[in-house]
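Those sequence lines, one after another, are chains A and B. First residue of the first sequence? That's 1 in the working numbering, and the numbers climb one at a time after it. First residue of the second sequence? That's 1001 in the working numbering, and the numbers climb one at a time after it. By construction, the Cβ of each residue, glycine as well, lies at the ideal position given by its N, Cα and C atoms. Shown next, in structure tokens, is the structure this report addresses.
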Amino acid sequence: MPVVLEHLGKRFGDGAPVLDDVNATIGKGEFVALLGASGCGKSTLLNIIAGLEPPSSGALEVPSDGAAFMFQDAALFPWLTARENIELALKLRGVGKADRKAKAQELLELVHLGAAGDKRPHELSGGMRQRVSLARSLAQDRQLLLMDEPFAALDAITRDLLHDELERIWKETGRTIVFVTHNVREAVRLGQRVLLLSSRPGRVVQEWAVTEEHRTDAGLAGQLTGVITARLREEIRRHAK
Amino acid sequence: MPSNPTPLAEASADPAEPRHIHAALTRTSTGNEDLRELESGLDSLQSDAARKNRIDWSRILLPIAALVVLMLAWQFYVSLGLKRRDLVPGPLDVAAQVGVLWNEGKLQEAVWTSLQRGLVGFVISVAIATPVGLLLAQVAPLRRAFGPLISGLQVLPSVAWVPAAIIWFGLTDATVYFVVFMGAIPSIINGLISGVDQIPPQYRRVGTVLGASRLEMALQIILPAALPGYLGGLKQGWAFSWRSLMAAEIIAVGGTIGFGLGSLLDQGRILSDMTVVMSAILLILAVGILIELLVFGPIEKRLLRSRGLLAGSTR
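As structure tokens, then:
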């Protein structure tokens, strides 16, 4: 089990808790979608799993080599080309100079950007940047990949394609993926399991399994999306004054 | 459009079409080849076509036109005869004087002496200010302790150090260099610090996630990310060292201090020869403009363009 969260809590200073009693287990090679409205501490939870922030209470078990991270904005370094951005990740991981070039090209091919390696980030479209960012996070070569709303800022056509792309890469590389989103359709489209986080404080309130039938039967998937949306809205309504 | 057949009928007649619709609706993975094709289509739709670089003549002709207009206005004013000619010489008088100075070899000597000092002083300033600036930007207590002092030093005109430098070092080159350092170093440090301050916090987070050590973070991420601000600091640092140098040369004359542009200017004042004074001023200005045009301008433009920061600017 690469990730186990037990009674995890987080508060900043004396403020109200952001996360409270979060319990979850994520298996190796699993694709889990973490769904929640704004203010549910999704990003905080990812930061804790990534080791960027310590939890205030509770315990967590994560892979000892840490996690790869993909952000909402591609966060590529503008002074490097697409290839150099990936090479920098390899370099910081300690990959030798000779291997870096071949490995970077391999990763570019994986995200279908083999020909765009020498372009600068500003010359790439949003979707291309996000694919370079995905390649960079794969360059970290961690079993666990954390994704913080990576497709939220993309147009719908590009997002649909990147869903297919991510699913393909997940199947090819066998990574464990935790995918944070506030888009129910996206969660059902990608996740094998959807965890719903409540808001203020964040807590896992319900989870759904997305089966193979949901993937092939649009009606079934629509039904599940409806159920989850209703539950999400109920959570949001609790905060109405 | 009567000549076109109805697009709807044409689409349904295409045998390849149902496959795509099927794939999109059931959301099973699109085939790998299909995906590659779709993505490359989208990529080319969303990328700008490469633009060609051509020489933009307005960039060259407009400044020359401005210069010509200014010269004509100057000549016109002088030819009105409102002031004595020896007090307000015209551009032709000054040009003649520049020719005389050139033939005497004084012009070359003055420009060379000043330029050499300015560049040496500037390079040493960069070598001192860069590590200090990085250290101050990265270590919070140091920054809090020395930040206000460095900002203050930048405001203090470095000419104020000339009397002290003369008392300490006498009329030697050391005096000139000291004043240059006091002008350039604080402004380069400040430029670097503000460059570091403007780095998007995301870059540091990415660095942490990618596993960068403290030193790797400083050299591989912070320094390149801060480069535009740092370059601004360098530009200002050069301007400050050039100005300080001129001030020092005007005030400290004689001893083992060589003959620079500032000295030429002071000589013109002593001789009450306005053409020499004007020649020196214009030469000082010309060196400043040339350094900007030949050194900083191209570097800055390249840097900003490679990061996609030039679009829409009037540069």
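Counting only the same chain and skipping the five closest in sequence on each side, list residues whose C-beta sits under 7 Å from that of Gln1044(B). According to the sequence shown, residue 1044(B) is Ser rather than Gln. The answer is none, since no qualifying residue turns up.
List the whole-angstrom C-beta distance separating Leu1227(B) from Ser1114(B), where the pair is believed to meet the contact cut-off of C-beta under 8 Å. Contact doesn't hold; Cβ gap of about 29 Å is too wide.
Beta carbon proximity, Ile157(A) to chain B, threshold 9 Å: yes
Quick check on the DSSP output: what are the complete beta strand (DSSP E) runs of length 3 or more inside the stretch 18-92 of chain A, in order along the chain? 19-26, 31-35, 57-61 and 68-70
9 Å Cβ cutoff, Ala1066(B) in contact with chain A: no
Measuring CB atoms only, is the stretch 209-218 of chain A touching the stretch 64-75 of chain A, in the sense that at least three cross pairs come out at less than 8 Å? no
Assigned exposure category for Gly1183(B) - 16 Cβ within 10 Å defines buried: Gly1183(B) should be labelled buried.
Determine contact between the stretch 1207-1227 of chain B and the stretch 1118-1125 of chain B, defined as no fewer than three beta-carbon pairs at a distance below 8 Å. Contact between the stretch 1207-1227 of chain B and the stretch 1118-1125 of chain B is absent: fewer than 3 CB-CB pairs across the two stretches fall below 8 Å.
For Thr1130(B), three-class secondary structure by DSSP: helix
Could you tell me the distance, in whole angstroms, from the CA atom of Leu1261(B) to the CA atom of Met1274(B)? 15 Å
Within 10 Å of its beta-carbon, does Asn1190(B) have 16 or more other beta-carbons around it, so buried, or fewer, so exposed? buried
Within a Cβ cutoff of 6 Å, which residues of the same chain sit near Ser1158(B), ignoring the five residues on either side of it in sequence? Val1179, Met1182, Gly1183 and Ser1244
Within 9 Å of any Cβ in chain A, is that where the Cβ of Val1206(B) sits? Chain A, which has a Cβ nearer than 9 Å to the Cβ of Val1206(B), makes this yes.
Hey, does Ala1212(B) have any beta-carbon neighbour from chain A nearer than 9 Å? So, interface residue.
Please classify Leu1156(B): does DSSP put it in a helix, a strand, or coil? coil
Quick check on the DSSP output: the alpha helix (DSSP H) that includes Ala1066(B) runs from which residue to which? Trp1057 to Ser1079
Backbone CA spacing between Ser1263(B) and Ala1248(B) [nearest angstrom]: 9 Å
Let me know the secondary structure DSSP gives Ile1257(B) once reduced to three states. coil
Using CA atoms only, rank isn't needed, just tell me which of Leu1309(B), Gln1267(B), Val1196(B) and Val1094(B) is closest to Gln1220(B). Val1196(B)
Endpoints, alpha helix (DSSP H) assigned at Ile169(A): Ala156 to Thr173
Beta-carbon contacts of Ser1241(B) that lie in its chain and below 7 Å, excluding the five residues immediately before and after: Excluding its 5 nearest sequence neighbours in each direction, Ser1241(B) has C-beta neighbours in its own chain below 7 Å: Gly1118, Gly1121, Phe1122, Ser1125, Val1180, Gly1183 and Ala1184, listed in chain order.
In its own chain, which residues sit with a C-beta less than 7 Å from the C-beta of Gly1268(B), not counting the 5 before and 5 after it? Val1276, Val1277 and Ala1280
Judging by CA-CA distance, which residue of Arg1305(B), Pro1186(B) and Leu1101(B) is the nearest neighbour of Leu1136(B)? Pro1186(B)
Under a CB-based cut-off of 9 Å, is Gln140(A) close to chain B? Yes, its Cβ sits closer than 9 Å to a Cβ of chain B.
If I follow the unbroken beta strand (DSSP E) through Gly9(A), where does it start and stop? Val3 to Lys10
For Ala68(A), decide whether its Cβ has a neighbour in chain B, counting only Cβ atoms nearer than 9 Å. yes
Quick one: Cα of Leu1310(B) to Cα of Arg1302(B), how far? 9 Å
Measure from the C-beta of Ser57(A) to each C-beta in chain D and report whether the shortest distance is under 9 Å. Structure shown: chain D not included; protein chains present are A and B.
Can you tell me which of Ile1299(B), Ser1306(B), Leu1283(B) and Ile1291(B) puts its alpha carbon nearest to the alpha carbon of Leu1324(B)? Past the boundaries of the shown model lies residue 1324(B); chain B is included only from 1001 to 1315, so the question cannot be answered.
Label Asp164(A) either buried or exposed according to how many other C-beta atoms from any shown protein chain fall within 10 Å of its C-beta, with 16 as the threshold for buried. It is buried - the Cβ of Asp164(A) has at least 16 other Cβ atoms within 10 Å.
Give the DSSP bridge partners of Arg193(A), in chain order. Beta bridge pairing from DSSP links Arg193(A) with Val32(A) and Ala209(A).
Could you check which residue in Glu123(A), Phe69(A), Val204(A) and Arg131(A) has the C-alpha nearest to that of Ala37(A)? Nearest C-alpha to Ala37(A) among Glu123(A), Phe69(A), Val204(A) and Arg131(A): Val204(A).
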